[in-house]
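See below for the structure under consideration.
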Amino acid sequence: MPDFGQIQVGAGSLDARLVLGLGAALFILGTIGVLIRRNPLVILVCIELMLNAVNLTLITFAAQLRNIEGQLFALMTMTVAAAEAVVGLAILVDIFRVRDVDDVDELSELKG
Amino acid sequence: MIVPQIVFWIMAVIAVLGGIGVIASRQPVRSVLSLVAVMLALSVIFLELSAQFVFAVQVIVYAGAVMVLFLFVVALLGPIRERATGRLRFPWWLGTLVALVFGGFLYSMLNGLRFRAPDKVDMSFFGTVQQIGAGLFTTYLYPFELTSLLLLVAAVGAIYLSRGGRTASEIHREEEDRRA
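First to last, the protein sequences are chains A and Z.
Residue numbers for the first sequence follow our numbering, so the first one is 560 and each next one is one higher.
Residue numbers for the second sequence follow our numbering, so the first one is 1163 and each next one is one higher.
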């Protein structure tokens, strides 16, 4: 791993590798959740976890390079995540109104 | 000064434990509440990384609004028992192969990275609402306006999807009528 530099935090500093590693760990946890969980609602929650991990990485690079664009991108990601959550939950509620789903693999009507 | 490291480690441990809680708990409500814990821990780390505005947005919009929406849906749908199935749709060695190839690509890419020196900026101004606003309304004005369009489309779509449609019992009755 290359040196990602130190981030100035107040009077002290923080190794950027630690924060990036935390972001990677959370992203991997979210990926595992999407792959192993069956409940569609929990899969949406895991996607939110992955988006948060990406936000952490963006903000880490913004702080490390002293460049505000990373924070602007993180705000955009939050907006898109909110829109995605709203539409995803609405679809989920619509599906559950018709029938109970305890496994996302049951929702395969569009397969043809 | 060791304080930033201590705060970071505490919050990192909370975030990782919350992430494990998201994927390990059997009840959806526990997953959602674990995600709230992750988001609050991450918001403290955002504050450490001098992202004050993003910290506020994370607490208010994400942990406050989006997660409450998730909790409402959990309460609306009721408890969903998840069947514990261990089946995979593809052979295990294929997954291992893809993970190894992807990891190799990632490692080689990270090794090729060289970091430039940080920009010279006034740290008392960095990450403030003024700077975020100046960025959003000058350089990134069009993406910002497109974001408002996206939110409008999402709101209209959610209302359209969740308007009073046919319930399960109504569909059942219609099928009975058709059969009769």
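We put the beta carbon where it would ideally sit given N, CA and C, even for glycine.
If distances are taken between C-alpha atoms only, which option among A:Leu600, A:Met637, A:Glu668, A:Leu573 comes closest to A:Ala612? A:Met637
Quick one: what's got a C-beta closer than 6 Å to A:Asp662's C-beta in the same chain, skipping five residues either side? Arg597
I need the straight-line Cα distance from Z:Gly1210 to Z:Ile1321, nearest angstrom please. Residue 1210 of chain Z is actually Glu in this sequence, not Gly. Rounded to whole angstroms, Z:Glu1210 to Z:Ile1321 spans 38 Å at the Cα level.
Looking at the structure shown, is Z:Val1221 part of a helix, part of a strand, or coil, going by DSSP? helix
Using CA coordinates, which residue listed in Z:Glu1332, Z:Ala1213, Z:Pro1241 is at the minimum distance from Z:Arg1188? Z:Pro1241
By DSSP, does Z:Gln1189 sit in helix, in strand, or in coil? coil
Sheet register partners of A:Gln567 (DSSP bridge): A:Ser572
Residues of chain A with CB under 7 Å from Z:Met1201, in chain order? Asn611
To the nearest angstrom, report how far apart Z:Arg1335 and A:Leu648 are at their CA atoms. 26 Å
Using beta-carbon positions only, say whether A:Met609 and A:Gly580 come within less than 8 Å of one another. no
When the distance is taken between beta carbons, is A:Val601 closer than 8 Å to Z:Ser1193? yes
Is the CB-CB distance between A:Leu624 and Z:Asp1284 below 8 Å? no
Please name the residue, chosen from A:Gly582, A:Leu573, A:Ile654, that lies closest to Z:Ile1333 on a Cα-to-Cα basis. A:Ile654
Where the alpha helix (DSSP H) through Z:Asn1273 begins and ends: 1254-1273
Does A:Leu666 get closer than 8 Å to chain Z when you measure Cβ to Cβ? no
Check distances from the C-beta atoms of the segment 569-599 of chain A to those of chain Z and list, in chain order, the residues that come in under 8 Å. Gly569, Ala570, Gly571, Ser572, Leu573, Leu577, Val578, Leu581, Ala584, Leu585, Leu588, Gly589, Ile591, Gly592, Ile595, Arg596, Arg597, Asn598
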